[in-house]
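See below for the structure under consideration.
Chains as they are written, first to last, in the working numbering: chain A, 10 to 327; chain B, 122 to 558.
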């Protein structure tokens, strides 16, 4: 069942069409990546979902109901540009933001205790925000976003400015919340995180939805039937033979003991393996190369095919 | 509603707990009362000191006053030369020399001189002028053929009592004592106008800076994913108005308490209600001013003053909030926008002088009815007791326009706070009023 359903959303600022008939659906409990270059309309969409602004046209259903002003209490939103009241103390600040999300004083106290213990920051409560380091402030910001246990968590570049340790900590918390049933919209430019965390994505460009679906399906959809074969020993200089003796197979690259080949989708890859086995060389690995989301992103946004990645580049190892 | 209250509470508490707030709130009345009482106190203290003054009377007309209840004592000297006395007056125990030259019985303008190494207070100078004037007049009356015994009969003492006439509903004409004097009303008028002016500017810019801070801090995005922008703006305006009211109520209470205290201490209560003496002792004038200030109809002026402050506050606070929301991080480049919000209030303070000069003139009436200037001008007129219908009309217009400006600014604010890195101008801001959410 879907938690959020967008149907033909349009938002216009003066002459500029920021969101152009965007539709997609976010099932309950997924981590959903919202991707797109700067100025694509992601922030406009997020502001519409958080009811900060209204769409000019189209409908949104939240958990089956038409989205209205009661729903923000079930949404947690961490904008990319973060902010807290600098002069306020950590405890006061979190209590204030939690109460504004409709939590009772009692629940707020309980939740605050939970998060302070979880991050081991109980003694920060009386400190002013401006006295904290940037990383510490980010943690407070994260707590402020999730303290009311929202059904939907919208995170805009949640890891920017975080050191690797704190980034890992926040990432673990996000995964934990997701396991507990929170649906997460994750807006980022860091594609390796999208591949690592997101099950589904939507790609927005110039206000339009240009790609939408499960990460695995999309990578399948954009695959180029590339395979990497590694041998036990470096290949002799005359290898591979030109042209390749098997029909429908083209060698794309060669690097020491590794070959990158493209196989016509109509052909069976077993024939290729058979060919190498018959040649007497020892095969160590055989692997299909699926395109990285990063490559798909760039290709879709710039509208031109990118050169195939180097076989040894870690980003294309599936 | 509950959330609005949370915002009001935060905006109020964070400001009231600040050290700077506590200090200015507690110290200002002390300074104010000190400014009022210290001159009286000084005058009283210094003038209690007895002074002996030589009158070198070359005219032969001056007699030392018989019943001097003043601290000034006079000795008339006739057989000395002025230049000699200038050298020796200190040895004779005199503070100074009042030289009265010979004059004919036709004199209209008599110039006398006072020589001393010290200074005279204004009231002391007044007193000596009065003394010589009286005696010179006596001299002229005697010269006109009247007898000495007739002098007292010829003198007239005049006291001016002000009575206010009002027509009761029964048709009966009522008379009440009016202790007001134009002088006191002028002082109160200027003070009231300036206080409103300063406080409106102070709290207005406070709101503006606070809005800008939230915007540049980006906290505003977090906030408006929980509450409506209008709630945030309204909560801030109401919360800060509470701060202003708290401050003023403490000021009023402290000032009243301190004034009463100072009054008792100075013993000026004795003069309360009495008309100013025709033959005033030197310290009396400032003491009388003091007494009249404490004798004002504060129970009528203060509540109205607070109402005008609140009305003006809501108008200017919302204007400043709108301006703050449209600004970028750079204060400098948005100076012109700030000026737009400040222009009407500055115009009002410029009009303050002319208005008080003619407190019931056309100018005064118009400026106290137009809502943008009424908060400064009407409080300045209150001590002159403007007609009730003018007060009601201007209060009505003021409250209606407060609501209008809050609405208007809310429209601008909701668009402004979400726009970054864009320089907004007036034309653009006025378009925001009509854009959809």
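Ideal Cβ placement from N, Cα and C applies to all residues, glycine included.
Along the beta strand (DSSP E) that carries residue 220 (chain A), what are the first and last residues, could you check?
The sequence position of residue 220 (chain A) within the first chain is 211, counting from 1. From DSSP, the beta strand (DSSP E) with residue 220 (chain A) extends over 217-223.
In three-state terms, what does DSSP make of residue 10 (chain A)?
What you label residue 10 (chain A) is simply residue 1 of the first chain in a count that begins at 1. Residue 10 (chain A): coil per DSSP, three-state reduction.
Beta-carbon proximity list for residue 187 (chain A), same chain, < 6 Å, skipping 5 on both sides:
In the first chain, counting from the first residue as 1, residue 187 (chain A) sits at position 178. These residues qualify, in order along the chain: 40 and 193.
Have a look at residue 151 (chain B) and residue 305 (chain B) and give me their C-alpha separation to the nearest angstrom.
Looking up residue 151 (chain B) in the second chain gives position 30. Looking up residue 305 (chain B) in the second chain gives position 184. Cα to Cα, residue 151 (chain B) sits roughly 21 Å from residue 305 (chain B).
Distance cutoff 8 Å, beta carbons only. Does residue 153 (chain A) sit that close to anything in chain B?
If you number the first chain from 1, residue 153 (chain A) lands on position 144. Interface residue, yes.
Contact check, residue 447 (chain B) vs residue 545 (chain B) under 8 Å by CB: the rounded distance?
Position 326 of the second chain holds residue 447 (chain B). Position 424 of the second chain holds residue 545 (chain B). Right, the Cβ-Cβ distance comes to about 4 Å (below 8 Å), so this counts as a contact.
Just curious, the beta strand (DSSP E) that residue 261 (chain B) is in, first and last residue?
As a working mapping, residue 261 (chain B) is identified with position 140 in the second chain. That residue, residue 261 (chain B), is in no beta strand (DSSP E); its alpha helix (DSSP H) goes 243-264.
Express the C-alpha separation of residue 218 (chain B) and residue 203 (chain B) in angstroms, rounding to a whole number.
Mapped onto the second chain, residue 203 (chain B) falls at position 82. Mapped onto the second chain, residue 218 (chain B) falls at position 97. The straight-line gap from Cα to Cα measures roughly 9 Å.
Do we get a CB-CB distance below 8 Å when we pair residue 90 (chain A) with the residues of chain B?
Here residue 90 (chain A) refers to the residue found at position 81 of the first chain. The beta-carbon of residue 90 (chain A) is placed less than 8 Å from the nearest beta-carbon of chain B.
Against residue 59 (chain A), what residues of chain B qualify as contacts under a CB-to-CB distance less than 8 Å, listed in chain order?
Within the first chain, residue 59 (chain A) is the residue found at index 50, counting from 1. Within 8 Å Cβ-Cβ: 346.
Helix, strand or coil: how does DSSP classify residue 177 (chain B) here?
The residue given as residue 177 (chain B) occupies position 56 in the second chain. In the structure shown, the three-state DSSP call for residue 177 (chain B) is strand.
Put residue 296 (chain A) into one of helix, strand or coil per three-state DSSP.
Indexing the first chain from 1 puts residue 296 (chain A) at position 287. Secondary structure of residue 296 (chain A) (DSSP, three-state): strand.
Helix, strand or coil, according to DSSP, for residue 75 (chain A) in the structure here?
Position 66 of the first chain, counted from the start, is the residue given in the question as residue 75 (chain A). Residue 75 (chain A) carries a strand assignment under DSSP once its states are collapsed to helix, strand and coil.
To the nearest angstrom, how far is it from the Cα of residue 268 (chain B) to the Cα of residue 259 (chain B)?
By one-based count along the second chain, residue 268 (chain B) stands at place 147. By one-based count along the second chain, residue 259 (chain B) stands at place 138. Approximately 10 Å between the Cα atoms of the pair.
Any beta-carbon of chain B closer than 8 Å to the one on residue 95 (chain A)?
In the first chain, counting from the first residue as 1, residue 95 (chain A) sits at position 86. At least one CB atom of chain B sits nearer than 8 Å to the CB of residue 95 (chain A).
Name, in chain order, the residues that DSSP records as bridge partners for residue 195 (chain A).
Residue 195 (chain A) sits at position 186 when you count from the first residue of the first chain. Under DSSP, residue 195 (chain A) shares a beta bridge with A:42 and A:164.
When A:15, A:47, A:16 and A:64 are compared against residue 22 (chain A), the one with the closest alpha-carbon:
In the first chain, counting from the first residue as 1, residue 22 (chain A) sits at position 13. Closest by alpha carbon: A:64.
May I have the straight-line CA-CA distance separating residue 171 (chain B) from residue 231 (chain B), to the nearest angstrom?
Mapped onto the second chain, residue 171 (chain B) falls at position 50. Mapped onto the second chain, residue 231 (chain B) falls at position 110. Roughly 27 Å separates the two Cα atoms.
With a threshold of 7 Å, establish whether the CB of residue 219 (chain A) neighbours any heavy atom of the ligand FMN.
Looking at this structure, you won't find the ligand FMN or any other ligand, since it has none at all.
Taking 8 Å as the threshold (C-beta atoms), are residue 179 (chain B) and residue 222 (chain B) in contact?
Stepping through the second chain from its first residue, residue 222 (chain B) is reached at position 101. Stepping through the second chain from its first residue, residue 179 (chain B) is reached at position 58. Going by C-beta atoms, residue 222 (chain B) is nearer than 8 Å to residue 179 (chain B).
Would you kindly report the start and end of the unbroken beta strand (DSSP E) that includes residue 193 (chain B)?
As a working note, residue 193 (chain B) is residue 72 in the second chain. Element bounds for residue 193 (chain B): 193-198.
Show which residues of chain B have a CB atom less than 8 Å away from the CB atom of residue 81 (chain A).
Counted from its first residue, the first chain places residue 81 (chain A) at position 72. Residue 81 (chain A) reaches chain B at 346 and 347, counting residues in chain order whose Cβ is nearer than 8 Å.
Is it the case that the Cβ atoms of residue 17 (chain A) and residue 67 (chain A) are separated by a distance below 8 Å?
Within the first chain, the letter at position 8 stands for residue 17 (chain A). Within the first chain, the letter at position 58 stands for residue 67 (chain A). With respect to residue 67 (chain A), residue 17 (chain A) sits close: the two C-beta atoms are nearer than 8 Å.
Distance between residue 372 (chain B) and residue 149 (chain B) (C-alpha atoms, nearest Å):
For this step, residue 149 (chain B) is matched to residue 28 along the second chain. For this step, residue 372 (chain B) is matched to residue 251 along the second chain. If you take the alpha carbons of residue 149 (chain B) and residue 372 (chain B), they lie about 7 Å apart.
From which residue to which residue does the beta strand (DSSP E) around residue 267 (chain A) run?
Indexing the first chain from 1 puts residue 267 (chain A) at position 258. Run containing residue 267 (chain A): 267-272, per the beta strand (DSSP E) assignment.
Closer than 9 Å, Cβ to any Cβ of chain B: which residues of the segment 97-109 of chain A, in chain order?
Flagged, chain order: 97, 101, 105, 106, 108 and 109.
Buried or exposed for residue 80 (chain A), please, with buried defined as at least 16 other CB atoms from any protein chain shown within 10 angstroms of its CB.
Reading the first chain from its first residue, position 71 is the one you call residue 80 (chain A). Per the 10 Å Cβ criterion, buried.
From what residue to what residue does the alpha helix (DSSP H) around residue 234 (chain B) run?
For the purposes of this step, residue 234 (chain B) is taken as residue 113 along the second chain, with counting starting at 1. Going by DSSP, residue 234 (chain B) is part of no alpha helix (DSSP H) but of the beta strand (DSSP E) stretching over 234-236.
Please report the Cβ distance between residue 3 (chain A) and residue 261 (chain A), rounded to the nearest whole angstrom; I am assuming they are in contact, meaning their Cβ atoms lie under 8 Å.
Shown here, chain A extends from 10 to 327; a query on residue 3 (chain A) therefore has no answer.
Run through chain B and tell me which residues come within less than 9 Å of residue 123 (chain A), C-beta to C-beta.
Within the first chain, the letter at position 114 stands for residue 123 (chain A). Ordered by position in chain B, no residue passes the 9 Å Cβ test against residue 123 (chain A), which lies about 20 Å from the chain.
Proximity below 8 Å, CB of residue 553 (chain B) to CB of residue 537 (chain B):
By one-based count along the second chain, residue 553 (chain B) stands at place 432. By one-based count along the second chain, residue 537 (chain B) stands at place 416. Yes, these two residues count as a Cβ contact at 8 Å.
Give me the chain B residues within the contact set of residue 84 (chain A), using Cβ-Cβ distance strictly less than 8 Å, ordered along the chain.
Within the first chain, residue 84 (chain A) is the residue found at index 75, counting from 1. Neighbours of residue 84 (chain A) in chain B, taken as residues whose beta carbon is under 8 Å from its own, are 346 in chain order.
In this structure, how does DSSP classify residue 36 (chain A) when only helix, strand and coil are distinguished?
Indexing the first chain from 1 puts residue 36 (chain A) at position 27. Correct three-state label for residue 36 (chain A): strand.
Decide if the segment 153-160 of chain B is in contact with the segment 372-384 of chain B; the criterion is three or more beta carbon pairs, one per stretch, under 8 Å apart.
By the C-beta criterion, the segment 153-160 of chain B is judged to be in contact with the segment 372-384 of chain B, since at least 3 inter-stretch pairs fall below 8 Å.
Cross-strand partners of residue 1 (chain A) (DSSP beta bridge)
Here chain A comprises residues numbered 10 to 327, so residue 1 (chain A) is not present and cannot be evaluated.
In chain order, what residues of the same chain lie with their CB nearer than 8 Å to the CB of residue 557 (chain B), ignoring the 5 residues before and after it?
Working through the second chain from its first residue, we reach residue 557 (chain B) at position 436. Around residue 557 (chain B): no qualifying Cβ.
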